[in-house]
Each structure stands twice: as C-alpha cells, then as structure tokens.
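Take a look at the structure below.
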Amino acid sequence: MFKKINLSIKGWLFAAIIFLLAVYFGFINFHYAGIKNIEINFLFTNFGLYFKELVMAMFFLVIYLLFSLIPSKKFMMIPNLFLLMSAGQSLVQFYYTLPRLNILGSIAEFIIVLSLLGMAYSFSNVSFEVIDDVGNIKGQNLFERWTNQVNKSLTNHWKITATFILIYVIFVSITTITIVFK
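Residues 8 to 189 (the numbering used here) make up the sequence shown, in order.
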C-alpha cells in the first residue's frame with residue numbers, strides 16, 4: 008500500500024528540517040502569544056467548512072500535479088513545504104491540547120497531523136510517478152503525455168489519496184478550537 012518514495016538524502020533532510028522548523032516556530036509563536044492550552048470541541052454540522060477544506064485539499068493536489076510538469080523532483084519540495092509546515096503547526100496544536108487532558112481532542116488533532124503528512128506522501132507519490140513515467144506514455148506533445156500520465160497515476164493511487172483527503176476534511180471540519188490564554 009505504501010510505496011517508498013525515491014527521494015535523495017538531501018530531499019528527506021530538507022523535508023525533515025522544514026517540518027521541525029515549523030514545529031519550532033509554532034512553539035515560539037504560541038509561547039509569545041501567551042497561549043496556555045487549547046480545547047478541542049466537536050461540531051458535526053458545519054457543512055460549509057467541509058466544502059472549504061475539500062476545495063483546499065483538491066487545490067493542493069492540483070498544485071502538486073502542476074509542479075510535476077517540471078521534470079525534476081527537486082521542485083516538488085515547494086508544495087511539500089506548505090503541507091509539512093501545516094503538519095508542524097498542527098503538531099504544536101496537538102501538544103497544546105495535552106494539558107487539558109482532552110483525550111478525544113488530542114486524538115483528533117493527532118489524526119489531522121497524520122492526515123496532512125499522508126496527503127504530502129500520497130500527493131508526492133502521484134507527482135513522482137508522473138515525473139518518472141511521462142516519457143513512457145504515448146502522445147503527440149508533452150501536455151498530452153502529461154495529462155495521460157496524470158490520469159494513469161491518479162487511477163493507480165486514488166484510494167490512498169482519497170483516504171487521506173477524506174480523513175483530513177472530516178477531522179478538520181468537525182473540530183473547533185478554543186484557545187486559552189495565560
């Protein structure tokens with residue numbers, strides 16, 4: 008189910024550093040804002056937020072696919088930067104839910120972190136497959152070959168991509184965050 012992404016050591020190191028910097032700056036930001044802890048509540052009726060988050064996730068998928076037009080995996084770190092930073096900030100929010108002993112809220116926030124990381128993985132996996140195999144597809148020009156390869160890659164990886172998108176959309180949409188200041 009999970010295929011190893013063929014990325015250089017520099018690429019993995021860059022991704023890890025970006026994620027850790029997002030966590031670090033999140034802690035600094037929360038500390039200087041005077042945030043003591045975060046309370047997570049559940050709200051199941053906000054359908055506008057469902058749609059907004061679904062559009063955001065699909066927007067990121069389109070951005071990843073547009074970056075796959077550039078035939079280099081190095082440029083894929085640009086869209087990864089945003090999802091890894093979002094995951095780092097969500098990890099900080101998860102940490103700040105722990106003092107309230109809000110177990111369900113903490114679990115929901117941790118699932119959001121994992122879904123963001125999963126979206127980064129699955130979007131990268133689809134984009135890397137497009138970059139690697141665009142030359143093997145029949146077509147008259149680059150855009151036609153790219154479109155055919157995008158269709159093939161999305162067909163191959165639609166289950167895991169849709170799973171991470173749906174988990175993200177559902178958990179972000181049903182949670183509301185209340186911040187407690189010092």
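Where is the CB? At the ideal position from N, CA and C, for every residue including glycine. Note that the structure is a prediction, hence the values are computed from the model and not measured.
Comparing C-alpha distances from Val176 to each of Phe26, Leu20, Glu60 shows the shortest one belongs to Glu60. Contact check for Met63 and Ser134: beta-carbon distance about 18 angstroms, past the 8 angstroms limit, so the pair fails to qualify. For the pair Gln156 and Ile144, the CB atoms are nearer than the 7 angstroms cut-off.
Ile172 has its alpha-carbon roughly 12 angstroms from the corresponding atom of Phe58.
Under the DSSP definition of a beta bridge, Val187 partners with Asn44. Assignment of beta-bridge partners to Thr182 by DSSP yields Phe49.
Secondary structure at Asn109: coil, using DSSP grouped into helix, strand and coil. Per DSSP, Leu61 is one residue of the alpha helix (DSSP H) stretching across 54–74. In this structure, the beta-carbon distance from Pro86 to Ile110 does not fall below 7 angstroms. The beta carbon of Thr183 sits closer than 7 angstroms to those of Asn48, Leu50, all from its chain and outside the five residues before and after it, given in chain order. For Pro86, the three-state secondary structure derived from DSSP is helix. Annotation: Leu88 to Ser180 spans about 23 angstroms, alpha carbon to alpha carbon.
Around the beta-carbon of Lys189, fewer than 16 other beta-carbon atoms lie within 10 Å, marking it exposed.
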